[in-house]
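Data first, discussion second: the structure below is written as structure tokens.
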Amino acid sequence: MNNAKSLEAWDKSQHFIPGGVNSPVRNFSKVGGNPRFILRGAGSKIYDIDGNRYIDYVASWGPLILGHTDSRVIEAINAAMVNGTSFGAPTTQETELAEIIVDAVPSIEKVRMVSSGTEATMSAIRLARGYTGRDKVIKIEGCYHGHVDSLLAEAGSGVATFGLPECEGIPADFTRHTLVVPFNDANAVRQAIEAHPDQIACLILEPIMGNMGIIPPRDGYLNELREITSEHGVVLIFDEVITGFRVAYGGAQSLYGVIPDMTCLGKIIGGGMPVGAYGGTAEIMRHIAPEGGVYQAGTLSGNPLAMAAGLAALKALAEPGVYEQLENRASLLADGLRDATKRHGIDAFHSRIGSMLMLFFSDSEVTDAAGARTSDTELYSRYFGELLKRGIYVAPSQFEAGFVSLAHSEADVDATVRAANEALSAL
Ligand code: KE4
């Protein structure tokens, strides 16, 4: 597979852009090799500037649940574009998208649009702090909520000790109010709350972890979190930036029947355009400016092109049979990959919820971040490279998720399973 032009493009981009990319995970540093510079996408495929074609399971990290260049989305953007790209004034399309989200997501009575998932989670915890008058937040080890200073915290020495900055540039003070506890351990949350009575504003988590590979909640875990947080007046925030409209039209909260106080969204609701959103009960949301005293703003919030793309995407997802098709295609793929690792005698733990799936090269079940970290990431890197050679584009990191779209055909799945068998043989 020739990738001379991608190599040249990367060489040049590194002169002007840190790491040559506008988001770290794209530069293949976790898996080695050079990033492929993409020319275009179409349906389930992407094409790089050397003319190589890949079946794409990254899907722009989740947004493209309809596949690339879905005609409904492209036409919606084109129609919106001729009227203007941005006004900085309200449009009825923002209200229309808000209404769809309110109707679809059980926890959301009112919603504010922003331009990224990071903005959504950052604003949500600020609102929870303003609403409760409390300063501390609890997050789950291994959950990623965007690059929010106070949420880029790793576990302190003990359960009830405060988080430590997980990267340079974050003052220790910024994570001093952040408690970090393991996933799938409701007791740890109870302990952290009881150790700081009336001081915890919120608990924020991905209801299905999608940034450590994919780790589903244990039976009853989310229900217990709902009970504990209600008991102590702690705002429960589900970060559904990945899972919103992905695992079900109403997100993970509708799949598991556990309704948080607030929800963060992104990715799919923008149809591939820059978007994020946070919403919750009207009682909480009335504390956001201009109604309330918690400030949040954004030049391109509710951007007309993002609204047009998001509306087209969510209307398409509201069609009957959509989630059944996603489930059928993804389970076909997951079964094929599971058979492949078994046939090759390679220890792997396969994880899938709906159309998001990932495998860990591990001989045991992965139920939290610590478990994910014991998986063989070096083997994953080699597997990634062998798949890429064979025209299959999966996440360039073990600690991400794979996505099946409505554009993935059974032929795509068959081709992927065949390539996976060849890749595993080559390991
Ligand atoms: P953005 O700011 O990247 O739009 O969203 C941040 C975010 C918030 N919450 C969850 C659960 C997320 O997964 C994300 C971002 N996801 C990553 C990939 N897992 C985006 C890809 C990237 O960082 O390049």
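Under this note's numbering, residues 2 to 428 are what the sequence shown spells out, in order. Glycine included, C-beta positions come from ideal geometry on N, C-alpha and C.
1. Please classify A80: is it buried, with 16 or more other beta-carbons within 10 angstroms of its beta-carbon, or exposed?
2. Would you mind giving the Cβ-Cβ distance between V418 and L334, rounded to the nearest angstrom? I have them listed as a contact below 8 Å.
3. Is the beta carbon of R113 within less than 7 Å of some heavy atom of the ligand KE4?
4. Are there any heavy atoms of the ligand KE4 lying less than 7 Å away from the beta-carbon of T300, as far as the coordinates show?
5. Could you work out which residue in P275, F404, T375 is closest to M308 when comparing CA atoms only?
6. So, do the region 299-316 and the region 112-126 have three or more beta carbon pairs nearer to each other than 8 Å?
7. Among A60, I126, E320, which has the Cα closest to the Cα of R27?
8. Looking at the strands, I want to know which residues DSSP matches up with C203.
9. Please tell me whether W11 and F38 are closer than 8 Å, where the distance is taken between their beta carbons.
10. Could you check the C-alpha separation between D340 and F362 for me, to the nearest Å?
11. State the start and end residues of the unbroken alpha helix (DSSP H) segment that holds R383.
12. Along the chain, where does the alpha helix (DSSP H) that runs through A81 open and close?
13. State the Cα-Cα distance for the pair G271 and V242, rounded to the nearest angstrom.
14. Please report the Cβ distance between G147 and G157, rounded to the nearest whole angstrom; I am assuming they are in contact, meaning their Cβ atoms lie under 8 Å.
15. Using alpha carbons as the reference points, say which of T92, K111, A90, P91 lies closest to E100.
16. Three-state secondary structure (DSSP) at H148?
17. State yes or no: is the C-beta of V106 within less than 8 Å of the C-beta of G267?
18. Examine the ligand KE4 and report whether any of its heavy atoms sits within less than 7 Å of the Cβ of E195.
19. Tell me the residue span of the beta strand (DSSP E) that contains Y48.
20. Count the other CB atoms, across all protein chains shown, that sit within 10 Å of the CB of I18; report buried if there are 16 or more and exposed otherwise.
21. In the DSSP assignment, the alpha helix (DSSP H) including I126 goes from what residue to what residue?
22. With a threshold of 7 Å (Cβ to nearest heavy atom), would I243 be considered close to the ligand KE4?
23. In this structure, how does DSSP classify T342 when only helix, strand and coil are distinguished?
24. Would you call R247 buried or exposed, if buried means 16 or more other Cβ atoms sit within 10 Å of its Cβ?
Well, looking at it:
1. exposed
2. 7 Å
3. no
4. no
5. P275
6. yes
7. Comparing Cα positions, the closest option is A60.
8. V138, V236
9. A contact, by the Cβ cut-off of 8 Å.
10. 14 Å
11. DSSP places R383 in the uninterrupted alpha helix (DSSP H) bounded by 378-390.
12. 72-82
13. 11 Å
14. 21 Å between Cβ atoms; not a contact.
15. K111
16. H148: coil per DSSP, three-state reduction.
17. Taking 8 Å as the cut-off, the beta carbon of V106 is found no closer than this to the beta carbon of G267.
18. no
19. 46-49
20. exposed
21. Annotation for I126: the continuous alpha helix (DSSP H) segment containing it runs 118-133.
22. yes
23. If DSSP states are grouped into helix, strand and coil, T342 belongs with the helices.
24. buried
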